[in-house]
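One structure is given below, encoded as structure tokens.
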Amino acid sequence: MRDEYQVQLALVGELLSAMAEHVGTAMRHATAGLLGADRAAAESVLADHPNLIAQRDQVEARTYELVALQAPVAADLRTLLTAPRVATDLERMGNLARHVARAALRRYPERAVVDELAGVFASMADTAVRMADKMRAVVADHDADLAAQLDRDDDELDELHRRMFGIMFAAGWSHGAEAAVDAALLGRYYERYADHAVNAATQVIYLVTGEHAG
Numbered sequence: 001m002r003d004e005y006q007v008q009l010a011l012v013g014e015l016l017s018a019m020a021e022h023v024g025t026a027m028r029h030a031t032a033g034l035l036g037a038d039r040a041a042a043e044s045v046l047a048d049h050p051n052l053i054a055q056r057d058q059v060e061a062r063t064y065e066l067v068a069l070q071a072p073v074a075a076d077l078r079t080l081l082t083a084p085r086v087a088t089d090l091e092r093m094g095n096l097a098r099h100v101a102r103a104a105l106r107r108y109p110e111r112a113v114v115d116e117l118a119g120v121f122a123s124m125a126d127t128a129v130r131m132a133d134k135m136r137a138v139v140a141d142h143d144a145d146l147a148a149q150l151d152r153d154d155d156e157l158d159e160l161h162r163r164m165f166g167i168m169f170a171a172g173w174s175h176g177a178e179a180a181v182d183a184a185l186l187g188r189y190y191e192r193y194a195d196h197a198v199n200a201a202t203q204v205i206y207l208v209t210g211e212h213a214g
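Numbering (UniProt numbering), first residue to last: 1 to 214.
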């Protein structure tokens, strides 16, 4: 019985790792749709999203069942308490990638971001995907030190977000209000994606140390 419990506990970790991989791929493909007018890449994000929802539901169902049927020790109990919260943050990251993909499809066959902002959006995407890749390692290895690095990555993305507004508010901006509103909304998606990665990492730090970060 206890062996089966450990198998199920390990499976929860595998599901979270798979979710982290999924949301990184989703944002990578969404950005390809956004900056490259790649319709197939953007559509793949929408098509794959139900799989992420199913993984989140599996995490929740398995953790609640393990808490109800077993008597987990303190460290395992922390895992079972934090896993649904991490899954929720990862699902929200996937949902934000889906918003980016939808924005790309709304503008197709045109590119959804003007040339002046393409570089900063590419950098925001690189940072966001790097954070998702780190989250996969954090979840797989319970690496609290790596989890703490995501705060610095989030600061980097915030700086890129400010740079985006600096470009839009500069005197030479010639693309009108609609392009500025689109960019502001898209920038917010990337910013919130990073915020949820930090939230998930904070939960892993609690899992490892038993202490709430910050």
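Glycine residues also receive a C-beta, built at the ideal position from the N, C-alpha and C atoms.
DSSP places A18 within a helical segment (H, G or I) once states are collapsed to three.
By the C-beta criterion, the stretch 3-16 is judged not to be in contact with the stretch 91-103, since fewer than 3 inter-stretch pairs fall below 8 Å. Pairing V86 with W173, the inter-Cα distance amounts to about 40 Å.
With respect to D126, V198 sits apart: the two C-beta atoms are not nearer than 8 Å.
Taken in chain order, the complete beta strand (DSSP E) segments of 3 or more residues contained in the stretch 30-72 number zero; there are none. Separation of Y64 and H142 (C-alpha to C-alpha, rounded to the nearest whole angstrom) is 21 Å. Where G172 is concerned, there is no enclosing alpha helix (DSSP H), because DSSP gives it neither an H nor an E.
Boundaries of the alpha helix (DSSP H) harbouring V208: G176 to T209, taken from the DSSP string.
From the listed residues L11, A37 and V23, the smallest Cα separation to A118 is found for A37. For D48 and A41, the gap between their C-alpha atoms comes out near 11 Å. Taking the CA atoms as reference points, A26 sits about 31 Å from V67. Per DSSP, the continuous alpha helix (DSSP H) segment holding D141 begins and ends at D115 to D141.
One Cα belongs to A177, the other to R111, and the distance between them is close to 17 Å. If you compare the alpha carbons of L35, V59, Q203 and D195 with that of P109, the shortest gap goes to L35. Straight-line measurement puts the Cα of Q70 at about 23 Å from the Cα of V139. P84 sits in a helix when the DSSP states are folded into three classes.
By the neighbour-count criterion, in which 16 or more other beta carbons inside 10 Å mark a residue as buried, E159 falls on the exposed side. Spatial neighbours of G94 in its own chain (CB-CB distance under 7 Å, excluding positions within 5 residues in sequence) are listed in chain order as H22, V23, A26, H49 and L52.
D182 and Q8 have their C-alpha atoms some 44 Å from each other. Distance from the CA of R152 to the CA of D76, rounded to the nearest whole angstrom, comes to 29 Å.
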